[in-house]
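**Q** Numbering (the numbering used here), first residue to last: 36 to 320.
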């Protein structure tokens, strides 16, 4: 039976909010987003045509997406995109979903990067390219190299760079520094895997659907961070910075690892929730 846009927005918003324990405003935005995808329209169209009836095909396609969302599948994967730092990025189940907390990493990278001079920046574990592309757009004189071990993730990142017409980036398949030779950078940044094996959060929310290799890093979650810190000095220019995102309770341990590796000016910075989410330090040869 055909249904009007207004009925779907009213009825399914309540259902989605109840099943996934979402704020009603969030659930309504998600329902709008699913309708926009199926109808290939902007949000203003939904508001201007609440009486519009979905065809049988449109309704079947919409209900298929709704059921997937009700089962817990991330809205970003259903839509195939996510906004990050003002950029509309393609995402797939082969990439992590960019999150607002990670924008802090971009803010700090911009802070430690010259605005009017060329420089070389390395983004380790780029995924869909969110961090690298945000920095490259904000610092057009910088050369941003984005590295990932996943061919599938790099393919998405390259597509994002092309669609956004951000040209001061390059992409390399590498297991961290393995394929980078003796290349050195003014800044190395990374949002690496940092969740411990067996962490209960792995069975909750969106992370259930995200690639496990991009999330988990050893018994305490710090294996990849240790590896990055250990090898970064060989790829940093004198006075270069290393900045890392990490877990909500890992700041002190990450700072200790940085200090033990010879970094100074070691710091941690808080995200919007007041949680120490990013740590870094400077290296002098």
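Each residue gets a CB set at the ideal place from its N, CA and C atoms; glycine is no exception.
Between residue 273 and residue 230, how many whole angstroms is the CB-CB distance? I'm expecting something under 8 angstroms.
**A** Incorrect: roughly 34 angstroms between the Cβ atoms, too far for contact.
**Q** The beta strand (DSSP E) spanning residue 55 covers which residue range?
**A** Note, residue 55: premise wrong, no beta strand (DSSP E); alpha helix (DSSP H) at 40 to 55.
**Q** Considering only the beta carbon of each residue, do residue 174 and residue 190 sit closer than 9 angstroms?
**A** No, Cβ-Cβ distance for residue 174 and residue 190 is not below 9 angstroms.
**Q** Could you tell me the distance, in whole angstroms, from the CA atom of residue 243 to the CA atom of residue 91?
**A** Cα to Cα, the separation comes out at about 32 angstroms.
**Q** Could you check what DSSP says for residue 108 in three-state terms: helix, strand or coil?
**A** Residue state, collapsed to three classes: coil.
**Q** Using the rule of at least 16 other Cβ atoms within 10 Å of the residue's Cβ for burial, across every protein chain shown, is residue 283 buried or exposed?
**A** It counts as exposed.
**Q** Considering Cα atoms alone, identify which of 270, 203 and 181 is closest to residue 227.
**A** Of the candidates 270, 203 and 181, the one whose C-alpha sits nearest the C-alpha of residue 227 is 181.
**Q** Does the distance from the CB of residue 299 to the CB of residue 317 come in under 9 angstroms?
**A** Yes, these two residues count as a Cβ contact at 9 angstroms.
**Q** Does the beta-carbon distance from residue 96 to residue 132 come in below 9 angstroms?
**A** Cβ atoms of residue 96 and residue 132: not closer than 9 angstroms.
**Q** Considering just the uninterrupted stretch of the beta strand (DSSP E) at residue 58, what are its terminal residues?
**A** First-last for residue 58: undefined, no H or E at that position.
**Q** Bridge partners of residue 255, per DSSP?
**A** For residue 255, which the question treats as bridged, DSSP gives no partner whatsoever.
**Q** On a CA-only basis, which of 308, 265, 105 and 315 is nearest residue 279? Give me that one, please.
**A** For the residues 308, 265, 105 and 315, the minimum Cα distance to residue 279 belongs to 315.
**Q** So, are the CB atoms of residue 136 and residue 241 less than 9 angstroms apart?
**A** No, Cβ-Cβ distance for residue 136 and residue 241 is not below 9 angstroms.
**Q** Pop quiz: residue 220 and residue 145 are said to be a contact at Cβ under 8 angstroms. What is the actual Cβ separation, rounded to whole angstroms?
**A** Not confirmed; about 15 angstroms, so no contact.
**Q** What is the DSSP secondary structure of residue 163, reduced to helix, strand or coil?
**A** Residue state, collapsed to three classes: coil.
**Q** Give me the Cα-Cα distance between residue 88 and residue 39, rounded to the nearest whole angstrom.
**A** Cα-Cα distance, rounded: 4 angstroms.
**Q** Can you name the residues that DSSP bridges to residue 117?
**A** For residue 117, which the question treats as bridged, DSSP gives the partners 124.
**Q** Could you check if residue 313 is buried or exposed, using at least 16 other CB atoms within 10 Å of its CB as the buried criterion?
**A** Buried is the call here.
**Q** Is it buried or exposed for residue 107, if we count other Cβ within 10 angstroms and need 16 for buried?
**A** Residue 107 should be labelled exposed.
**Q** Over what stretch of residues does the beta strand (DSSP E) that includes residue 181 continue unbroken?
**A** It spans 177 to 183 - the beta strand (DSSP E) in which residue 181 sits, taken as one unbroken run.
**Q** From the DSSP output, which residues share a beta bridge with residue 158?
**A** 181 and 224.
**Q** Compute the Euclidean distance between the alpha carbons of residue 196 and residue 202, then round it to the nearest angstrom.
**A** Between residue 196 and residue 202, the C-alpha separation is close to 7 angstroms.
**Q** Assuming residue 238 and residue 160 are in contact, meaning their beta carbons sit under 8 angstroms apart, how far apart are those beta carbons, in whole angstroms?
**A** Residue 238 to residue 160, Cβ: 23 angstroms. No contact.
**Q** How would you write the range of the beta strand (DSSP E) that residue 207 sits in, first residue to last?
**A** Start and end: 204 to 208.
**Q** Considering only the alpha carbon of each residue, which of 269, 233 and 259 lies closest to residue 216?
**A** Closest by alpha carbon: 269.
**Q** So residue 171 and residue 204 are supposed to be a Cβ contact under 8 angstroms. How far apart are they, rounded?
**A** The pair is a contact, with the Cβ atoms about 5 angstroms apart (cut-off 8 angstroms).
**Q** Please state whether the Cβ-Cβ distance between residue 212 and residue 193 is less than 9 angstroms.
**A** No, these two residues do not count as a Cβ contact at 9 angstroms.
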